[in-house]
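Here's the structure we're looking at; comments come further down.
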Amino acid sequence: MSLFCPYDVMFFKLMTPPRTQHFKVTHPWIKHGPLTHYDRESFTGAEWRNGRIRRVRLLYFDLHSLRVTNLCRRHVSFRTDIHQFHPFLIMQLLIRQYQQKDKDTVRTLFSDGIREHIHPCFQNAMTSPSYMIITLTLCVVGYLLGSVFLAVLFPAAWATLIYCCSYKLFDGYVQEKLRTDMQDIIGNYLSRPDDCFWVAEAELDGRTQILGTVAVITKQNGKEKVGELFRMIISPKCRRMGLGNKMTQTVINFCKDRGFSKVVLETTSTQMPAVALYKKMGFKLKFSHINTHVVASWITLLTKVSIFHMEKLL
26 MSLFCPYDVM
36 FFKLMTPPRT
46 QHFKVTHPWI
56 KHGPLTHYDR
66 ESFTGAEWRN
76 GRIRRVRLLY
86 FDLHSLRVTN
96 LCRRHVSFRT
106 DIHQFHPFLI
116 MQLLIRQYQQ
126 KDKDTVRTLF
136 SDGIREHIHP
146 CFQNAMTSPS
156 YMIITLTLCV
166 VGYLLGSVFL
176 AVLFPAAWAT
186 LIYCCSYKLF
196 DGYVQEKLRT
206 DMQDIIGNYL
216 SRPDDCFWVA
226 EAELDGRTQI
236 LGTVAVITKQ
246 NGKEKVGELF
256 RMIISPKCRR
266 MGLGNKMTQT
276 VINFCKDRGF
286 SKVVLETTST
296 QMPAVALYKK
306 MGFKLKFSHI
316 NTHVVASWIT
326 LLTKVSIFHM
336 EKLL
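Mind the numbering: the sequence shown is residues 26 to 339 in our numbering, read in order.
If you want it as structure tokens, here you go:
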């Protein structure tokens, strides 16, 4: 168990020389005012210049649970001062093994976490240059046929097709997994000593909530053991706060302790924040494909989604 600040990864870059910028922070041991050299131990990853802080990266606080006010999580733009402070509660985060009582919450978190990619997938496809040309061409063809109605109908039908493919891709994946491995999580992820399924829980709004999940399954690659990372889902309530980093590191440590040669995973091109996280954690993109094993390849092709296969050597 660790004390976890939900806004644990905060990054502020001052765009003007440090002597012209001041920013204030309310903290249990810092009073309002420009940061000075006495505050250095309050931060990690801080870059100092001429006695003033230039860059700050706040990580974990070893504090008892209390309400604090801190710098808002955003990049400071040119000639912008920070005047507004956002209170938040330091949470007591626990990453533990899955229990049967978590089933409904975990399945709901998984379903919502996958289905939320439907709209971004559709938007990414329709705003691609090739699809914009197709849409415009259909509009022109409909107009040349002598009907404004057809000029609207043809592009609308095309957009509907792409949306249906996007929906089928992600919703079909959810339905398939809910019927298979997510139906019996204990049997599929906790029945062997080298497999595991974790949940991250913390107290929010006065009650304990599950904020994320991740799993690993062992695969044999010749004489080597390989861990495959599955079911990385982070609740929208605590994204961009370092929880994904912590969950991924949990899997990496688990695999290292068991002498695995590497950790592998697959994610989609729609989930670019996840791809960025994995790259930051040391994963390398090995290849991409369009075979989801759930829907026909032509559906994946129409959505312009690629499946990224990534690996990290241990």
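Glycine residues also receive a C-beta, built at the ideal position from the N, C-alpha and C atoms.
It should be emphasised that the depicted structure is a prediction, and the values quoted were computed from it without experimental measurement.
In this model, T133 and D196 are separated by some 13 Å (Cα to Cα).
Annotation: the continuous alpha helix (DSSP H) that includes F135 extends over K128 to R140.
As computed with DSSP, G252 is found in a beta bridge with T243 and V288. Under the three-state reduction of DSSP output, R204 falls in the helix class. Per DSSP, F279 is not a residue of any beta strand (DSSP E); the alpha helix (DSSP H) it occupies stretches across L268 to D282. Between V224 and T243, the gap from beta carbon to beta carbon reaches 8 Å or more. Counting only runs of at least 4 residues, the region 146-188 fully encloses the following alpha helix (DSSP H) elements, listed from N- to C-terminal order: 154-169. With a beta-carbon spacing of about 5 Å, K311 and E336 fall inside the 8 Å limit used to define contacts. Note on V166: under 16 other CB atoms within 10 angstroms of its CB, so exposed under the neighbour-count rule. Under the three-state reduction of DSSP output, L302 falls in the helix class. P261 and V320 have their alpha carbons spaced roughly 27 Å apart.
By a beta-carbon distance limit of 8 Å, L254 contacts L290. Their separation comes to about 4 Å.
Residue burial annotation: M157 is exposed, with fewer than 16 other C-beta atoms found within 10 angstroms of its C-beta.
For V224, the secondary structure class from DSSP, reduced to helix, strand or coil, is strand. In the DSSP assignment, I332 falls within the beta strand (DSSP E) that extends over I332 to L338. Pairing A240 with R256 gives a Cβ-Cβ distance under 8 Å. In this structure, I277 is the residue among I277, A150, G247 and T205 with its C-alpha nearest to the C-alpha of D220. Nearest neighbour of A150 by Cα position, chosen from L338, T328 and P298, turns out to be T328. Annotation: F174 to I187 spans about 20 Å, alpha carbon to alpha carbon. As DSSP reads the structure, S313 sits in a beta bridge with F333.
The beta carbon of R283 sits closer than 6 Å to the beta carbons of D219 from its chain, once the five residues preceding and following it are set aside; these are given in chain order. Here the C-alpha atom of K193 lies approximately 22 Å from the C-alpha atom of I259. Counting along the chain, the unbroken alpha helix (DSSP H) around Y214 starts and ends at I210 to Y214. Its chain contains A176 as the residues whose beta carbon lies nearer than 7 Å to that of Y168, once the 5 sequence neighbours on both sides are disregarded; these appear in chain order. If you look at S322, you'll find it in the alpha helix (DSSP H) that goes S322 to T328. Judged by DSSP in its simplified three-state form, G231 adopts coil rather than helix or strand.
Ranked by Cα distance from F279, the options I332, K250 and A184 are led by K250. Counting only the Cα atoms, F135 lies some 26 Å from T185.
Under the three-state reduction of DSSP, G307 is assigned to coil, being neither helix nor strand. In this structure, the straight-line span from the alpha carbon of L229 to that of Q117 is close to 9 Å. Within the DSSP secondary-structure output, R121 pairs in a beta bridge with V224. Looking at the DSSP output, I143 shares a beta bridge with no other residue.
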